[in-house]
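Per full-length UniProt numbering, the sequence shown runs over residues 1 to 241. Don't be surprised by glycine CBs; every beta carbon is placed ideally from N, CA and C. Remarks on the structure that follows.
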Amino acid sequence: MNQNFIHTYVSVDCVVFGFDHENRLNILLVQRHVDDVPLEKQIKLPGSLIFSDEDVDDAAQRVLHELTGIKKMVLKQFRCFADPMRASNVHDIKWMDKEYKHHIDRIITVAYLSLCKIDHKINSTKYDTVDWYPIDEVPALPFDHNKIINESLIEIRKWIESDFSIIFELLPKRFTIRQLYQLYSALSEKNIDIKNFHKKISSFPYIVPLDEIQKDVSHRAARYYRFDAKIYKKNNTKLIK
Numbered sequence: 001m002n003q004n005f006i007h008t009y010v011s012v013d014c015v016v017f018g019f020d021h022e023n024r025l026n027i028l029l030v031q032r033h034v035d036d037v038p039l040e041k042q043i044k045l046p047g048s049l050i051f052s053d054e055d056v057d058d059a060a061q062r063v064l065h066e067l068t069g070i071k072k073m074v075l076k077q078f079r080c081f082a083d084p085m086r087a088s089n090v091h092d093i094k095w096m097d098k099e100y101k102h103h104i105d106r107i108i109t110v111a112y113l114s115l116c117k118i119d120h121k122i123n124s125t126k127y128d129t130v131d132w133y134p135i136d137e138v139p140a141l142p143f144d145h146n147k148i149i150n151e152s153l154i155e156i157r158k159w160i161e162s163d164f165s166i167i168f169e170l171l172p173k174r175f176t177i178r179q180l181y182q183l184y185s186a187l188s189e190k191n192i193d194i195k196n197f198h199k200k201i202s203s204f205p206y207i208v209p210l211d212e213i214q215k216d217v218s219h220r221a222a223r224y225y226r227f228d229a230k231i232y233k234k235n236n237t238k239l240i241k
């Protein structure tokens with residue numbers, strides 16, 4: 001039997017979610033450099049080929065560390081992307097040749113999603129340009145990165161359904177019920193009444209009210225809360241059934 005084996009490389013791409021001060025879901029994107037291509041067409045997901053002696057999970061942590069300066073982040077592998085034509089665009093091929101100095105017949109990507117508090121200072125050691133993009137303002141990206149982002153949204157919704165405590169990785173340490181509501185609504189795509197949501201939240205002992213309220217706001221000041229992970233582990237209850 002004649003088998004047409006190919007020279008295949010394996011990479012990791014990371015979709016990093018953040019939640020901004022305007023209560024919008026964001027994704028962290030970087031800028032690549034390809035000659036004669038407009039800058040707005042050079043935005044991409046952070047990623048890398050894996051090293052020959054590197055586990056794929058370690059490669060993802062390396063990419064995140066190079067991207068953010070944070071050594072350990074919440075990380076979840078969710079899918080492999082291996083369409084033979086996913087790197088067929090002439091600009092993508094040109095960039096790969098420049099970046100890796102190898103002829104690559106095909107590149108298979110293991111995709112990860114990660115969560116980052118948006119107020120973390122981003123100290124990238126690899127990328128000159130790193131920016132947060134609201135999820136509904138992500139431009140057309142190279143390779144199949146838009147598809148990877150869409151699949152990551154499906155995955156994070158499944159993740160929240162099985163363990164909604166990961167949502168607090170996106171919120172500040174002290175948050176309002178409205179912030180929690182808006183983030184949960186954006187991620188889950190559920191149409192939830194905020195009054196019922198507030199009542200439900202109030203019954204959870206691991207969402208702890210603080211003796212602090214908002215200051216210098218144009219609307220009625222809201223109370224701040226914090227998430228207690230230790231209490232949550234003892235009272236693991238779904239947020240919205």
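Check                                                                                                                      : Outcome
Cβ neighbours of LEU29 in the same chain (closer than 7 Å, five flanking residues each side left out)                      : ILE43, LYS44, LEU45, ASP131, TYR133
Other residues of its chain near VAL16: CB distance less than 6 Å, five sequence neighbours each side excluded             : LEU28, SER114, CYS116
Whole-number beta carbon distance between HIS120 and THR176, since they are thought to touch under 8 Å                     : So it is not a contact: roughly 20 Å between Cβ atoms.
ASN26 - DSSP class collapsed to helix/strand/coil                                                                          : strand
Beta-carbon proximity check, ILE213 vs ARG223, cutoff 7 Å                                                                  : yes
Whether ILE148 touches VAL10 by CB criterion (7 Å)                                                                         : no
With 16 other Cβ atoms within 10 Å as the buried cut-off, status of SER52                                                  : exposed
Neighbourhood of ARG86 by C-beta distance below 8 Å, restricted to the same chain and skipping five residues each side     : ILE107, THR109, PHE143, ASP144
Cut-off 8 Å between Cβ atoms - residues of its own chain near LEU141, not counting five sequence neighbours on either side : LEU29, ILE43, LYS44, LEU45, ILE149
Same chain, Cβ closer than 8 Å to VAL12, five either side skipped, listed in chain order                                   : GLY47, SER48, ILE50, VAL56, ALA59, ALA60, VAL63, THR109, VAL110, ALA111, TYR112
Beta-carbon gap between ARG226 and ARG178 smaller than 7 Å                                                                 : no
Residues that ASP216 bridges to, as DSSP identifies them                                                                   : Paired residues: none, contrary to the question.
7 Å Cβ cutoff met for PHE19 and LEU153                                                                                     : no
Environment of ILE167 [buried if 16+ CB atoms lie within 10 Å]                                                             : buried
Bounding residues of the beta strand (DSSP E) (the contiguous stretch that carries GLN77)                                  : 75-81
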